[in-house]
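In full-length UniProt numbering, the protein residues as written are 1 to 265.
Written below as structure tokens is the structure these notes are about.
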Amino acid sequence: MTVKQLSMPELVDACGQLGIANVGLWREPVQTYGLEATAKLIRDAGLTVTTLCRGGFFTAIEPGERSKALDDNRRAIDEAATLGTDTLVLVSGGLPAGSKDLHGARERIADALSELGPYAEERGVKLAIEPLHPMYASDRCVVSTLKQALDLAERFPAHQVGVTVDTYHIWWDDNAPAQIARAGASGRIHTFQLADWTTPLPEGVLNGRGQIGDGAIDMREWQGYVEAAGYTGAIEVELFNDGLWARDGREVLAETAARFVEHTA
Numbered sequence: 001m002t003v004k005q006l007s008m009p010e011l012v013d014a015c016g017q018l019g020i021a022n023v024g025l026w027r028e029p030v031q032t033y034g035l036e037a038t039a040k041l042i043r044d045a046g047l048t049v050t051t052l053c054r055g056g057f058f059t060a061i062e063p064g065e066r067s068k069a070l071d072d073n074r075r076a077i078d079e080a081a082t083l084g085t086d087t088l089v090l091v092s093g094g095l096p097a098g099s100k101d102l103h104g105a106r107e108r109i110a111d112a113l114s115e116l117g118p119y120a121e122e123r124g125v126k127l128a129i130e131p132l133h134p135m136y137a138s139d140r141c142v143v144s145t146l147k148q149a150l151d152l153a154e155r156f157p158a159h160q161v162g163v164t165v166d167t168y169h170i171w172w173d174d175n176a177p178a179q180i181a182r183a184g185a186s187g188r189i190h191t192f193q194l195a196d197w198t199t200p201l202p203e204g205v206l207n208g209r210g211q212i213g214d215g216a217i218d219m220r221e222w223q224g225y226v227e228a229a230g231y232t233g234a235i236e237v238e239l240f241n242d243g244l245w246a247r248d249g250r251e252v253l254a255e256t257a258a259r260f261v262e263h264t265a
């Protein structure tokens, strides 16, 4: 999504030119190019798919809507398996229209995970709950902290459900380092993502993630917490930014790779 302006073949070609061996994919561009075609393209290029994003949106109350969400998540799990990644990132969903019940919404997430965890395990896929910054709690994700994410994940085996650690969403939380250690101790850090926090946020706030090094977050500090917790997997960069999307995608990818080298250990 950092370079969503690139087609799937353009992305694969640019990664090859820059020596980038790993790529995190989103479902929409995969579906646009075709699931099987994407899997072949990635495989033939020798790329590794680190994660697929996103499943989730579990908080609906109406039975038919909940059933549709579970079916879509089963498809997402199947897509992850086809692409060869072992991790599906989950954005859990916001409050249903007219509801103010955060506790009930979070319990419905747990109900969904109880059905999807075994399904994912059978297909070699782990579910990674991503806490989002509290500004998204009403409309996008009622899971706002790593503690909340782990409280949900720990109801299930670690090989079924863990968490996503994303600097953009947790950098403000002084409890997050201890929660990263907690997640590491139980083997639940399933992916680690970088994005910077820059202000002012754009209207709508969704596409406000800053390029690495442009904002307030010390990437090395958070990398240190995650690695001290035992995480040895890939580090993803995930930027939603209208300014970056308006530029040449290959240029943005090269810049992002250079910033990654500059601002991580």
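Ideal Cβ positions, reconstructed from N, Cα and C, are used throughout, including at glycine.
Small disclaimer: the values here were computed from a predicted structure and weren't measured.
Could you tell me which residues DSSP pairs with Lys-126 in its beta bridges? Thr-87
Based on DSSP bridge pairs, tell me the residues matched to Phe-58. In the DSSP output, where bridge partners are listed per residue, Phe-58 has none listed.
Mind checking whether Thr-87 and Ala-128 have CB atoms under 8 Å apart? yes
What does a CB cutoff of less than 8 Å around Leu-83 pick up in its chain, not counting 5 residues either side in sequence? Leu-25, Val-30, Leu-35, Thr-38, Ala-39, Ile-42, Val-49 and Leu-52
Could you tell me whether the region 135-142 touches the region 115-123, using the rule of 3 or more Cβ pairs below 8 Å? no
At which residues does the alpha helix (DSSP H) containing His-190 begin and terminate? Unbroken run through His-190 is the beta strand (DSSP E), 189-194; no alpha helix (DSSP H).
Taking the alpha-carbon of Gly-213 as reference, which of Ala-229, Thr-191, Asp-196 and Asp-13 has the nearest alpha-carbon? Asp-196
In terms of residue numbering, what span does the alpha helix (DSSP H) encompassing Asp-13 cover? 8-18
How far does the beta strand (DSSP E) with Val-163 in it extend, from its first residue to its last? 161-166
Reduced DSSP secondary structure (H/G/I, E/B, other) of Thr-198: coil
Using only the alpha-carbon positions, how far apart do Ala-60 and Gly-94 sit? 9 Å
Apart from the five residues on each side of it in sequence, which residues of its chain come closer than 6 Å, Cβ to Cβ, to Gln-5? Trp-245 and Gly-249
According to the Cβ coordinates, are Ala-183 and Leu-150 closer than 8 Å? yes
Since Gly-184 is in the alpha helix (DSSP H), which residue starts that stretch and which ends it? 176-185
Thr-164 burial status per 10 Å Cβ neighbour count (16 or more: buried): buried
Residue interval of the beta strand (DSSP E) (run including Trp-26): 22-26
Whole beta strand (DSSP E) elements within the region 126-158, 3-residue minimum: 126-129
Please report how far the alpha carbon of Glu-262 lies from the alpha carbon of Glu-236, in whole angstroms. 15 Å
8 Å CB neighbourhood of Arg-27 in its chain, flanking five on each side removed: Leu-52, Cys-53, Arg-54, Ala-76 and Glu-79
Residue span of the beta strand (DSSP E) that contains Val-237, given as start and end: 235-237
Indicate whether Ile-180 and Leu-132 have their beta-carbon atoms separated by less than 8 Å. no
Alpha-carbon spacing of Arg-247 relative to Ser-114, whole angstroms: 42 Å
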